[in-house]
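First residue of the sequence shown? That's 830 in this note's numbering, and the numbers climb one at a time after it. Worksheet: the structure to be examined is printed underneath.
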Amino acid sequence: MTDYDTIKTFPESDRDWSEKQWQYLLNYLVDIGMVKYNEIASLVLGHLNPSQVGTSVASNKSFQCHYPPRKCWEAVRQWHFEQSGKCADCGTRLELQADHIIPKEELGDAANTLDNMTLRCRRCNVVKRPSHKHGGKTFLTSEAALMWLLFTRRPKTYDEFMKLCRNYGLTMASVRFEESWAMAKWLEREGLYTISPNSKY
Ligand SMILES: [Zn+2]
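Rendered as structure tokens:
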């Protein structure tokens, strides 16, 4: 049986977690009945499928204009097949998106050619933006980091949760933290979480 006290001893930054520690967290979430392995498998398989990566490129007018009518998809399919199937930056196979090699900010609409497109994961794509200055602090996407903080640190008040999120470099509006705090409320009702009576929410 996996338990939460063990997770508390893991490194404070998720970037320093070993594969064994991630495995422990998954087992813990299954043990407490949060998720089932078939649900985890379905999510992983779904995110391995580069859904609508090619078709969204092919439906973009600024790509279509380089090809005779109805020929765009053939070129995109060829481009798609020739890719490595991994993120150009971090190498993951999960959540791949089509992204520019030389950014659109530099080339404008001329950036939209297949030679200038590569596959990059959603996370690497997002952390490049200026609004994500702290993006490198966590390996997780911000949605995932919110739940990671909740399950691994177990803050007892909403303010403590919000502070943890801010200290972790999450820059989203605080309504997003309030929204995520719902998980603590739901779990508390099932006896799976402890919220202090002093908590604002
Ligand atoms: Zn990546």
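Positions of the beta carbon are idealized from the N, C-alpha and C atoms, including for glycine. Quantities reported herein were computed from a predicted structural model and do not represent experimental measurements.
Tell me the rounded alpha-carbon separation between residue 1010 and residue 1003. 11 Å
Proximity below 8 Å, CB of residue 951 to CB of residue 967: Their beta carbons are not under 8 Å apart, which means residue 951 does not touch residue 967 by this criterion.
Per DSSP, which residues does residue 928 bridge with? Please list them. 947
Simplified DSSP state of residue 861, which is helix, strand or coil: coil
For a test of your reading of the model: does the CB of residue 949 fall under 7 Å from any non-hydrogen atom of ligand 1? Yes or no. It does: the Cβ of residue 949 is within 7 Å (strictly closer) of some heavy atom of ligand 1.
For ligand 1, I want to know if residue 970 counts as a neighbour, meaning its beta carbon is within less than 7 Å of at least one of the ligand's heavy atoms. The closest heavy atom of ligand 1 lies 7 Å or more from the beta carbon of residue 970.
Alpha carbon of residue 871 to alpha carbon of residue 996, nearest angstrom: When only Cα atoms are considered, residue 871 and residue 996 end up about 32 Å apart.
Alpha helix (DSSP H) segment containing residue 936, residue limits: Residues 933-936.
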